[in-house]
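Below is one structure, written out as structure tokens; comments come after it.
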Amino acid sequence: MAQFNEIINGNQLTLVDFYATWCGPCKMMHPVLEQLKEDLGDKIRIIKLDVDKNEELCDNYRIQSVPTLMLFRSGEVLWRQSGAMSLSDLKNLIANHQ
197 MAQFNEIING
207 NQLTLVDFYA
217 TWCGPCKMMH
227 PVLEQLKEDL
237 GDKIRIIKLD
247 VDKNEELCDN
257 YRIQSVPTLM
267 LFRSGEVLWR
277 QSGAMSLSDL
287 KNLIANHQ
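Taking this note's numbering, the leading residue of the sequence shown gets 197, the next gets one more, and so forth.
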């Protein structure tokens, strides 16, 4: 948890994917997030957190469904949404926060 806080409190734009291994939409998001990282490179950091292995952290952020995506910079939540998203929607979202 300390490492997570250190990362989201940094100045780099960080997208956190709260997911579960048994979740179908979460599995659909995996290639989308890989492509997003490939396209944006160092402009964004992407972290995947398994909700079943990080229960306390998920409770702190009130994660109630998966996937839940959250965008952070300097410890501030800039955006949050539950459910799968397209690559183009994610790119537009990130462009609006750069």
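Just so it is clear, CB atoms sit at the ideal spot from N, CA and C, and this is done for glycine as well.
Distance between residue j and residue i (C-alpha atoms, nearest Å)
i	j	result
residue 282	residue 258	23 Å
residue 247	residue 200	14 Å
residue 267	residue 218	23 Å
residue 275	residue 224	20 Å
residue 251	residue 294	30 Å
residue 232	residue 286	8 Å
residue 226	residue 253	21 Å
residue 243	residue 265	10 Å
residue 325	residue 241	In the structure as shown, the chain begins at 197 and stops at 294. Residue 325 is therefore absent and cannot be evaluated.
residue 256	residue 220	24 Å
residue 270	residue 206	5 Å
Closest by C-alpha distance to residue i, when choosing among the options
i	options	result
residue 216	270, 260 and 291	260
residue 262	237, 292 and 214	214
residue 228	284, 290 and 256	284
residue 212	245, 237 and 271	245
residue 222	208, 236 and 279	279
DSSP beta-bridge partners of residue i
i	result
residue 277	265
Cβ-based neighbour list, residue i, same chain, cut-off 6 Å, excluding 5 preceding and 5 following
i	result
residue 239	none
Sequence-distant residues of its chain with Cβ nearer than 7 Å to residue i (five each side left out)
i	result
residue 273	266
Just list the alpha helix (DSSP H) runs in the stretch 201-254, keeping only unbroken ones of 4 residues or longer that don't cross its boundaries, in chain order.
220-236
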